[in-house]
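In the numbering used here, the protein residues as written are 131 to 457. For reference, the structure discussed in these notes is given below.
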């Protein structure tokens, strides 16, 4: 089977959760013996053709690299897409007569509109989003694949900082600095994120800013004792699972995604209640409490082994391909 992913960004230039999830899914297809190509539409610079872990990446552009022509030249058996390229992939699938797979990372308004295209298969990143669309788009063929997190890529010995990953407003950047100001005796670590305008405040003496990094175990988790996620929205919350593989507990605003990913291992507080966050941080940093919640975090991380869901995804795509050929 020859699979072509039509997407806006890809690794290594962009490493947000959507890109890393897509890469894990495509790698699972390669491991199962299938050919995989990626066509990227929004990377303004870089090589026109390169390979990442066996995935061949083609940067669309002018001339022969115009998107429809480039995708057609790769002779896909299946098209897979997400985010802004979904409507384009849907049209190309119809034009080329191949099934289209839509990976859904959220329940935003544009996602609702795109699902009206009636893809041949929907891959939802959580059960709560699948349930959200169950009554809005009846009859969609679908499967759930949680964003894959490989424990061996993240596990390390935790450090002593209280950390926020991604300092934009929606992730809780201003809340992070407010907590640090209220707790001058505690060291905080703010990690620059891969998307959104970052809120950088260098006036708080107990906050250290870590530039965006691909080495999360070496530069973030090895320095972190406790993770904060006062996010206004998280469809899942990969970073919490990454941290949990090192036994790092998370305090989170109870978004549906974080409730699903962290489950019983999360400690929850309303993002607009700083007093509760301060008291909870101090409680979890207590030397008698931290080992207990750390062990619970590790247990939850182990439950989220991605291999079963990725194998189910590959099998579903193979069945989709067979069904389509039989029409």
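Beta carbons are placed, not taken as given, at the ideal position from N, Cα and C, and that holds for glycine. Computed from a prediction, not measured in an experiment: that's the story for all the values here.
Quick one: complete beta strand (DSSP E) runs, 3+ long, within the region 252-310?
-> 272-274, 291-295
Roughly how many angstroms lie between the CA atoms of residue 402 and residue 195, to the nearest whole one?
-> 48 Å
Residue 382 versus 255, 371, 375, 397, residue with shortest Cα-Cα distance = 397
What first and last residue would you give for the beta strand (DSSP E) that runs through residue 318?
-> 318-321
Does the beta-carbon distance from residue 189 to residue 173 come in below 8 Å?
-> yes
In whole angstroms, what is the alpha-carbon distance linking residue 306 and residue 386?
-> 21 Å
Going by C-alpha distance, which of 226, 224, 258 is nearest residue 234?
-> 258
heavy atom of the ligand GTP below 7 Å from residue 170 C-beta = As far as ligands go, the structure on display features none, and thus does not contain the ligand GTP.
To the nearest whole angstrom, what separates the beta carbons of residue 206 and residue 231, a pair I think is in contact under 8 Å?
-> Rounded, the Cβ-Cβ distance is 11 Å, inconsistent with contact.
Who are the near neighbours of residue 187 in its chain, counting only those whose CB is closer than 6 Å to its CB and skipping five residues on each side?
-> 140, 168, 180
Which of helix, strand or coil DSSP assigns to residue 426 | helix
Are the beta-carbon atoms belonging to residue 291 and residue 318 less than 8 Å from one another?
-> yes
DSSP-derived helix/strand/coil call for residue 209 | strand
What beta strand (DSSP E) runs, 3 residues minimum, are completely inside the region 171-202?
-> 179-182, 185-189
Please state if the CB of residue 320 and the CB of residue 339 are separated by a distance shorter than 8 Å.
-> yes
With distances taken Cα to Cα, identify the nearest neighbour of residue 166 among 153, 399, 453, 225.
-> 153
When the Cα atoms are used, what is the spatial distance from residue 412 to residue 355?
-> 12 Å
Under the three-state DSSP convention, the category residue 371 falls into | helix
Find out if the Cβ-Cβ distance for the pair residue 376, residue 286 is shorter than 8 Å.
-> yes
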